[in-house]
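So the number in our numbering is just where the residue sits in the sequence shown, counting from 1, plus 19. For every residue, glycine included, the Cβ atom is placed at its ideal position computed from N, Cα and C. Everything numeric in this text was worked out from a predicted model, so none of it was measured. Input: a single structure, listed below in structure tokens.
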Amino acid sequence: MSKLSKQEKRILALAAAFALTFGIVPNVSAMHIMEGYLPGGFCIAWGVLCLPFLIAGFLSIKKTLNEHRNLITLLAMSGAFIFVISSLKIPSVTTGSCSHMTGTGLGAILFGPSAVSILGLIVLLFQAILLAHGGLTTIGANTFSMAIAGPFVSYGIYTLCKKAGVNKRAGIFLAATLGDLFTYCVTALQMALAHHADTTVGGALVKFLAVFAPTQVPLAIIEGIITVLIVMGLETYAKPELKAIGFIKEAK
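Set out below in structure tokens:
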């Protein structure tokens, strides 16, 4: 394997610094949907629903790395960003879940939403096994909400903003922010479908959304700002990589 270039070393250094600064936090019983909060049938159904997206993601990453091997560092950084930023939790008053940033908008903008499904699955597996963060039985539901639904919305919003001539940084902000919020809309729906014994699914959905909103809305805005700042840094230190994926054509 060839040695890392100076620019790749800078990217690794930035990712390491971010992880050391923000990633070492205590676990305060903060998780995605945890073990036992979804019936077995729901767990299986969400897992099956994820399969075609994961296959597409594997093929997307394989194609990208076959064509541009040097992008492995940028891809790894996108995965590390998801892991670090989604480990910073603010517990909600609801049981079984919490509010947190997702970090998936960055990868969706750079590599497309399919690739992020694989990155997100890897992150969720590590968090469930090493951090008691989420669960293995609920891995399908958590993957669908955080690694599939959110990234597809982020990518769609960014693409629409680009076609509409919206300022690039504003488009990135909106993509990351709205992708984060949509992740929690899906999580709330998943919880509502499984837990609505005393009300309708719609009533339960409104209840879960109301509980998430006070913490999730400001977190989503913060994630949008952080994502813009990271892209600005990449435009300075990773121009060859951004050019390889077609992103740099938008940067002056």
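Item	Value
Option in Gly98, Asn186, Met165 with minimal Cα separation from leucine 208	Met165
Proximity below 7 Å, CB of threonine 156 to CB of leucine 143	no
Proximal residues to glutamine 146 (C-beta, below 6 Å), its chain only, five neighbours per side dropped	His152, Gly153
Residues that DSSP places opposite histidine 119 in a beta bridge	Lys108
Residue range of the alpha helix (DSSP H) that includes serine 173	169-182
N- and C-terminal bounds of the alpha helix (DSSP H) containing leucine 140	132-149
Assigned exposure category for isoleucine 52 - 16 Cβ within 10 Å defines buried	buried
Inter-residue Cα distance where the pair is alanine 99 and isoleucine 137	13 Å
Rounded straight-line distance, which links the Cα of alanine 183 to that of asparagine 46	The predicted position of asparagine 46 is uncertain, since its pLDDT is 35 and thus under 50; no value can be drawn from it.
The segment 125-141 contacting the segment 245-264, beta-carbon criterion three pairs below 8 Å	yes
For alanine 216 and lysine 181, the rounded distance between their alpha carbons	44 Å
Limits of the alpha helix (DSSP H) - the one that glycine 198 falls within	187-213
Isoleucine 264 versus isoleucine 141: straight-line alpha-carbon distance, rounded	22 Å
Terminal residues of the alpha helix (DSSP H) in which isoleucine 249 lies	220-256
Endpoints, the alpha helix (DSSP H) within which glutamate 86 is located	59-86
Cβ-based burial, proline 71 [other Cβ within 10 Å; buried from 16]	exposed
Whole-angstrom distance between glycine 190 and phenylalanine 231, CA atom to CA atom	24 Å
C-beta contact flag for serine 97 and leucine 125 at 7 Å	yes
Simplified DSSP state of threonine 162, which is helix, strand or coil	helix
Selection from Ile80, Ser79, Ser118 that minimises the alpha carbon distance to threonine 234	Ser118
Option in Ala195, Tyr177, Ser133, Leu228 with minimal Cα separation from alanine 75	Ser133
Same chain only: Cβ atoms within 8 Å of isoleucine 240, ignoring 5 sequence neighbours per side	Thr196
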